[in-house]
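Chains as they are written, first to last, in the working numbering: chain A, 1 to 271; chain B, 1 to 358.
To start, the structure itself, in C-alpha cells.
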Amino acid sequence: MNAIDSYLTPDGRTIGAPVMEMKNITLRFGGVVAIKDISFDIREGEIRAIIGPNGAGKSSMLNVMNGFYHPQEGEVHFRGEKRGPMRPHQIAHQGIARTFQNIALFKGMSTLDNIMTGRLTHMKTGMLSQIKWWGAAQREETANRELVEKIIDFLEIQTIRKTPVGRLPYGLQKRVELGRALAAEPKLLLLDEPMAGMNVEEKEDMSRFILDVNDEFGTTIALIEHDMGVVMDIADRVVVMDYGKKIGDGTPEEVRTNQDVIDAYLGVAHD
Amino acid sequence: MIYREAGDFKTSYAKDQQTFPIAFDRWGYFITLAFAFLVVPFIINDYWINAVVLPFLIYAIAAIGLNILTGYCGQVSLGSGGFMAVGAYAAYKLMTGFPDLNIVFVIFLSGGVTALVGMLFGLPSLRIKGFYLAVATLAAQFFLVWLFNKVPWFYNYSASGQISAPERSIFGYAVTGANALPAVSYLFCLCFVVILAWAARNLTRGANGRKWMAIRDMDIAAEIIGVNPLKTKLTAFGVSSFYIGIAGAMLFAVYLGAAEVGEAFGISKSFLILFMVIIGGLGSIFGSFAGAAFMVLMPVLLKNVMVGQLGWPTDMAAHFEFVIVGGLIVLFLIVEPHGLAQLWRLAKEKLRLWPFPH
Numbered sequence: 001m002n003a004i005d006s007y008l009t010p011d012g013r014t015i016g017a018p019v020m021e022m023k024n025i026t027l028r029f030g031g032v033v034a035i036k037d038i039s040f041d042i043r044e045g046e047i048r049a050i051i052g053p054n055g056a057g058k059s060s061m062l063n064v065m066n067g068f069y070h071p072q073e074g075e076v077h078f079r080g081e082k083r084g085p086m087r088p089h090q091i092a093h094q095g096i097a098r099t100f101q102n103i104a105l106f107k108g109m110s111t112l113d114n115i116m117t118g119r120l121t122h123m124k125t126g127m128l129s130q131i132k133w134w135g136a137a138q139r140e141e142t143a144n145r146e147l148v149e150k151i152i153d154f155l156e157i158q159t160i161r162k163t164p165v166g167r168l169p170y171g172l173q174k175r176v177e178l179g180r181a182l183a184a185e186p187k188l189l190l191l192d193e194p195m196a197g198m199n200v201e202e203k204e205d206m207s208r209f210i211l212d213v214n215d216e217f218g219t220t221i222a223l224i225e226h227d228m229g230v231v232m233d234i235a236d237r238v239v240v241m242d243y244g245k246k247i248g249d250g251t252p253e254e255v256r257t258n259q260d261v262i263d264a265y266l267g268v269a270h271d
Numbered sequence: 001m002i003y004r005e006a007g008d009f010k011t012s013y014a015k016d017q018q019t020f021p022i023a024f025d026r027w028g029y030f031i032t033l034a035f036a037f038l039v040v041p042f043i044i045n046d047y048w049i050n051a052v053v054l055p056f057l058i059y060a061i062a063a064i065g066l067n068i069l070t071g072y073c074g075q076v077s078l079g080s081g082g083f084m085a086v087g088a089y090a091a092y093k094l095m096t097g098f099p100d101l102n103i104v105f106v107i108f109l110s111g112g113v114t115a116l117v118g119m120l121f122g123l124p125s126l127r128i129k130g131f132y133l134a135v136a137t138l139a140a141q142f143f144l145v146w147l148f149n150k151v152p153w154f155y156n157y158s159a160s161g162q163i164s165a166p167e168r169s170i171f172g173y174a175v176t177g178a179n180a181l182p183a184v185s186y187l188f189c190l191c192f193v194v195i196l197a198w199a200a201r202n203l204t205r206g207a208n209g210r211k212w213m214a215i216r217d218m219d220i221a222a223e224i225i226g227v228n229p230l231k232t233k234l235t236a237f238g239v240s241s242f243y244i245g246i247a248g249a250m251l252f253a254v255y256l257g258a259a260e261v262g263e264a265f266g267i268s269k270s271f272l273i274l275f276m277v278i279i280g281g282l283g284s285i286f287g288s289f290a291g292a293a294f295m296v297l298m299p300v301l302l303k304n305v306m307v308g309q310l311g312w313p314t315d316m317a318a319h320f321e322f323v324i325v326g327g328l329i330v331l332f333l334i335v336e337p338h339g340l341a342q343l344w345r346l347a348k349e350k351l352r353l354w355p356f357p358h
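Quick look at the structure:
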C-alpha cells in the first residue's frame with residue numbers, strides 16, 4: 001500500500017484518499033477459488049482499471065465491490081468504514097453504481113424512464129404523496145428530471161429520450177446504461193467492459209464520455225476492459241489479475257513493463 | 001388530421017409529465033368524464049346499468065388492480081377471485097358488525113383488509129417467479145374460497161351460507177340493499193372508479209411505478225440500482241389487492257346484493273380478470289378499462305344479437321357465446337398480443353397522418 005495520501009497525475013489532476021479498499025479478498029465457489037487474497041485500493045478522483053485474461057476473476061471482483069457476491073475472507077472498506085454484510089440495494093444507497101457487461105436495461109421502459117430509475121436512491125416521497133401527485137411528488141419528479149436531462153445532454157442522446165430502449169442499437173444502449181449509473185450521482189462508478197463489442201468510433205465516444213465524467217463530475221471510476229489501448233490511454237492506475245491472483249498494480253507504464261504481466265498475456269516458454 | 005399533436009409545445013417538465021400530454025386527449029378525457037357524471041345518470045335505464053355499466057365499472061377496478069401487479073410489477077397472480085372474496089366478506093363483516101359505519105369507509109377498509117391478506121400471500125414472490133408464483137397464488141384462491149365456505153363466522157352462521165348486504169345510504173340515498181336506485185349505485189361506483197384510476201395513474205407514473213417496472217423488466221439490475229425487491233413486490237401486492245378487494249366489496253354490496261363464495265368468487269373470476277388485463281393491455285390503465293369493457297360487453301352483445309336478432313333458443317345462444325368469446329380471445333392474442341391499449345396507440349398513430357398513409 002502506498003503511504004502517501006494523494007498524488008498528482010501527469011495531466012495535473014489530484015488523486016485523493018482511498019474511496020474503496022479491498023483487503024485480502026478471497027472468494028470461492030465451492031472448490032473453485034475465483035479470487036485469491038487480493039488487496040488494492042481505489043482513490044478519489046482516479047480512473048482505476050482492472051485487466052486480465054478471460055476467467056481471471058475481474059467480473060467477480062466487481063461483483064464483490066457492489067455486494068453481489070460476499071467474499072469468504074477479507075474486508076471491503078468503503079469511504080473509510082468497514083462494510084458489514086449488506087444487500088446490493090443497500091450498497092447502491094451508499095453511492096456505488098455500476099453498468100453490466102451484458103446490458104441490463106429495463107427493456108419495456110423509455111430511455112428517459114431508464115435514466116430516471118437511476119435517481120430512485122435520491123427520491124424519497126412516500127406512497128401517499130405519490131398518489132396525490134400534486135405537491136411534493138411532482139416537485140421531486142421535476143427536480144430529478146432536470147438533473148436527468150443534463151445527463152441526457154451530456155451523453156448526446158436527446159433524440160431517443162422517449163424511445164423504448166429495447167429498440168435502440170447496442171452502442172446507444174450502452175450509453176443509456178452509463179446514463180442510468182451516472183444519474184445516481186455515485187461516489188464510485190463501476191463499469192464492466194463498457195466498450196465490449198463496439199467499433200472504433202463507438203469506443204472513442206465511450207472513452208471520451210468516461211474521461212469527461214471523471215473530469216467534469218470528479219467521479220471515481222473503476223473499470224474492467226479488454227482493449228489494452230483504451231486502458232493504457234485512460235486509466236490512472238491498473239490492477240492486473242490472472243487466475244484469481246493479483247500479478248501487477250501500478251501506473252500503465254509500470255504495468256506494461258512488468259514481467260509477470262507480459263508472461264500472463266503472451267505466455268511463458270516452458271522448457 | 002383528425003387527431004393532431006402539432007403545435008402542442010411543452011415549456012415545463014411538469015407539462016411534459018402530465019397524464020394526457022396532448023390537448024386533444026385531454027379534452028376527450030374531460031368530455032368523457034362530464035358525460036359520465038352529468039348525462040349518463042339521466043338517460044340510462046335499469047337494464048343497461050345492471051347488465052353492462054355496473055359490472056364494467058366494478059371489473060375495471062379489479063382489472064386496474066391486477067394490472068398493477070401483473071402488468072406493472074410483472075408478478076403473475078391467479079388469486080384475484082379469492083382476493084375479491086376477501087373484500088366482499090370484509091365488507092359484509094364490517095357492515096353487520098358496525099351498522100353505523102359509512103359505506104364509503106366500509107369499502108375502503110375492506111380494501112385495506114384485502115391489501116394485508118394480499119401482502120401475506122405475496123411473501124413467496126421473493127423466492128419464486130413466473131409460473132411457480134402463479135401456482136402459489138392459485139393456492140391462495142382455493143384456500144380463501146375454502147375458508148369462507150368452512151368457517152361459519154364469516155357468513156354470520158346463516159343457514160344458507162350466503163352473505164347479503166344490508167341497506168346503507170349516503171346523503172339519504174340508498175346505495176346497497178333492495179331499495180338502491182340504479183342511478184345512485186352507478187354514480188357511487190363511478191366516483192370510486194375515477195378516484196382509484198387517478199390514484200393508480202399517479203402511482204405508476206412516478207418513482208413508485210418505475211420501481212415496479214424495474215422489478216418487472218430485470219429484477220437483478222433493479223436491486224443493483226437500489227430498489228429493495230421485497231418491499232417493492234409487497235407494495236405491488238398490497239396496492240393491487242387493495243383495488244381488487246374494493247372491487248370485490250362493491251361487486252357484493254352494490255351489484256350482487258347477496259353472494260355465495262364459490263359461485264361469485266371462484267377460479268373463473270380470477271381468469272376473467274386475468275383475461276381483461278391481457279386483452280386490455282398489460283401495463284396500461286386505459287387497457288384495464290378497455291379489457292373490462294370488452295369482457296363485459298361482448299357476451300351481452302352476442303346474446304342480444306343471437307337471441308334478439310336471430311331468434312335462436314337461449315340455451316344454444318349461451319353455449320355459442322362461450323365458443324365465440326373464447327375464439328375472440330385466442331384471435332386477439334395472436335393478432336395483437338399487447339392488447340387493446342396497443343391497438344388504440346396504433347390507431348392514434350394512423351389518425352395523426354390521416355388521410356395520408358405515411
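C-beta atoms are modelled at their ideal positions from N, C-alpha and C, and glycine is treated no differently.
- request: Flag this pair as yes or no: are the beta carbons of Asp249/A and Phe40/A separated by less than 8 angstroms?
  value: Their beta carbons are under 8 angstroms apart, which means Asp249/A touches Phe40/A by this criterion.
- prompt: In this structure, what does DSSP give as the bridge partners for Asp41/A?
  reply: Paired residues: Glu21/A.
task: Report the three-state DSSP secondary structure of Thr125/A (helix, strand or coil).
output: Collapsing the DSSP output to three states places Thr125/A in coil.
- request: State yes or no: is the beta carbon of Thr235/B nearer than 8 angstroms to at least one beta carbon in chain A?
  value: Output row for Thr235/B: interface = yes.
field: Test item: CB-CB of Ser241/B and Val104/B under 8 angstroms
entry: Not a contact, by the Cβ cut-off of 8 angstroms.
query: Helix, strand or coil: which one does DSSP assign to Tyr173/B?
result: Tyr173/B sits in a strand when the DSSP states are folded into three classes.
task: Kindly say whether Lys107/A, judged by its beta-carbon, lies nearer than 8 angstroms to any beta-carbon of chain B.
output: Nearest CB-CB separation between Lys107/A and chain B: below the 8 angstroms threshold.
- request: Starting from the N-terminal side, write out each stretch of the alpha helix (DSSP H) that is 4 residues or longer and does not extend beyond the stretch 307 to 339 of chain B.
  value: DSSP runs (the alpha helix (DSSP H)) wholly in the stretch 307 to 339 of chain B: 314 to 335.
message: With a threshold of 8 angstroms between beta carbons, is Gly206/B in contact with chain A?
response: Judged by the 8 angstroms Cβ criterion, Gly206/B is in contact with chain A.
- prompt: Which whole-angstrom value describes the C-beta separation of Ala249/B and Gly112/B, a residue pair presumed to lie in contact below a C-beta threshold of 8 angstroms?
  reply: In this structure Ala249/B is not in contact with Gly112/B, their Cβ atoms being roughly 11 angstroms apart against a cut-off of 8 angstroms.
message: Give me the residue from Glu46/A, Ala181/A, Pro71/A, Ile157/A with the minimum Cα distance to Gly57/A.
response: Of Glu46/A, Ala181/A, Pro71/A, Ile157/A, the residue nearest in Cα terms is Pro71/A.
query: Can you check whether the CB of Gly65/B is closer than 8 angstroms to the CB of Ile285/B?
result: Against a cut-off of 8 angstroms, the Cβ pair of Gly65/B and Ile285/B comes out as no contact.
query: Taking the runs of the alpha helix (DSSP H) that are 4 residues or longer, which of them lie wholly in the stretch 63 to 122 of chain A?
result: For the stretch 63 to 122 of chain A, whole alpha helix (DSSP H) runs of length 4 or above, ordered along the chain, are 88 to 94, 111 to 117.
field: His93/A: contacting residues in chain B (beta-carbon distance under 7 angstroms)
entry: Residues of chain B passing the Cβ test: Gly226.
query: When the Cα of Cys191/B is compared with those of Val135/B, Leu33/B, Glu321/B, which residue comes out closest?
result: The candidate whose alpha carbon is nearest that of Cys191/B is Leu33/B.
Sufficient close CB pairs (3 or more, under 8 angstroms) joining the stretch 192 to 202 of chain A to the stretch 123 to 141 of chain A: Output reads no: the stretch 123 to 141 of chain A does not touch the stretch 192 to 202 of chain A.
query: Could you give the distance in angstroms between the alpha-carbon of Tyr255/B and the alpha-carbon of Tyr173/B?
result: Rounded to whole angstroms, the gap between the alpha carbons of Tyr255/B and Tyr173/B is 16 angstroms.
message: DSSP three-state label for Val240/A, please.
response: Three-state DSSP puts Val240/A in a strand.
query: With Gly179/A and Ile210/A assumed to form a contact (beta carbons below 8 angstroms), what rounded beta-carbon distance in angstroms separates them?
result: Contact doesn't hold; Cβ gap of about 13 angstroms is too wide.
field: Residues bridged to Leu223/A [DSSP beta-bridge criterion]
entry: Ala49/A, Leu191/A.
task: Take the Cβ of Ser288/B as the centre, count every other Cβ of all protein chains shown within 10 Å, and call the residue buried at 16 or more, exposed below.
output: Its Cβ being crowded by 16 or more others within 10 Å, Ser288/B is buried.
- prompt: Can a CB atom of chain B be found closer than 8 angstroms to the CB of Ala104/A?
  reply: Answer yes: the Cβ-Cβ gap between Ala104/A and chain B drops below 8 angstroms somewhere.
query: If we ignore side chains and look at the alpha-carbon of each, how far apart do Asp46/B and Ile107/B end up?
result: Taking the Cα positions, Asp46/B is about 23 angstroms away from Ile107/B.
task: Decide if Gln158/A is buried, meaning its Cβ has at least 16 other Cβ atoms within 10 Å, or exposed.
output: Burial call: exposed.
message: Cβ closer than 7 angstroms: which chain D residues qualify as neighbours of Arg98/A?
response: This model lacks chain D altogether; the protein chains it does include are A and B.
query: Three or more C-beta pairs closer than 8 angstroms, one from the stretch 79 to 94 of chain B and one from the stretch 215 to 235 of chain B: is that the case here?
result: Contact between the stretch 79 to 94 of chain B and the stretch 215 to 235 of chain B is absent, because fewer than three Cβ pairs lie under 8 angstroms.
message: Could you check whether the Cβ of Asn382/B sits closer than 8 angstroms to any Cβ belonging to chain A?
response: Since the first residue of chain B shown is 1 and the last is 358, residue 382/B is not available in this structure.
task: Please check if any C-beta of chain B sits within less than 8 angstroms of the C-beta of Arg180/A.
output: Output row for Arg180/A: interface = yes.
- prompt: Hey, how far is the Cα of Ser185/B from the Cα of Val53/B?
  reply: Looking at the two C-alpha atoms, the distance is approximately 10 angstroms.
- request: Compare the beta carbon distance of Met109/A and Val165/A with 8 angstroms and say whether it is the shorter of the two.
  value: In this structure, Met109/A sits near Val165/A, with a CB-CB distance shorter than 8 angstroms.
Bridge partner(s) assigned by DSSP for Gly250/A: Under DSSP, Gly250/A forms a beta bridge with Val238/A.
Stretch-stretch touch, CB-based, cutoff 8 angstroms, three pairs: the stretch 277 to 284 of chain B with the stretch 158 to 174 of chain B: Taking 8 angstroms as the limit for Cβ pairs, the verdict is that the stretch 158 to 174 of chain B does not touch the stretch 277 to 284 of chain B.
- prompt: Where does Leu27/A sit, in a helix, a strand or coil, going by DSSP?
  reply: The answer is strand: DSSP assigns Leu27/A an E or B state.
message: Can you find the residues in the same chain that come closer than 8 angstroms, C-beta to C-beta, to Thr96/B, ignoring five residues on each side of it along the sequence?
response: The beta carbon of Thr96/B lies closer than 8 angstroms to those of Asn156, Pro166 in the same chain, with the five residues before and after it left out.
Simplified DSSP assignment, three categories, for Lys245/A: Residue state, collapsed to three classes: strand.
- request: Using a Cβ-Cβ cut-off of 8 angstroms, state whether Met250/B counts as contacting chain A.
  value: Met250/B does not count as touching chain A.
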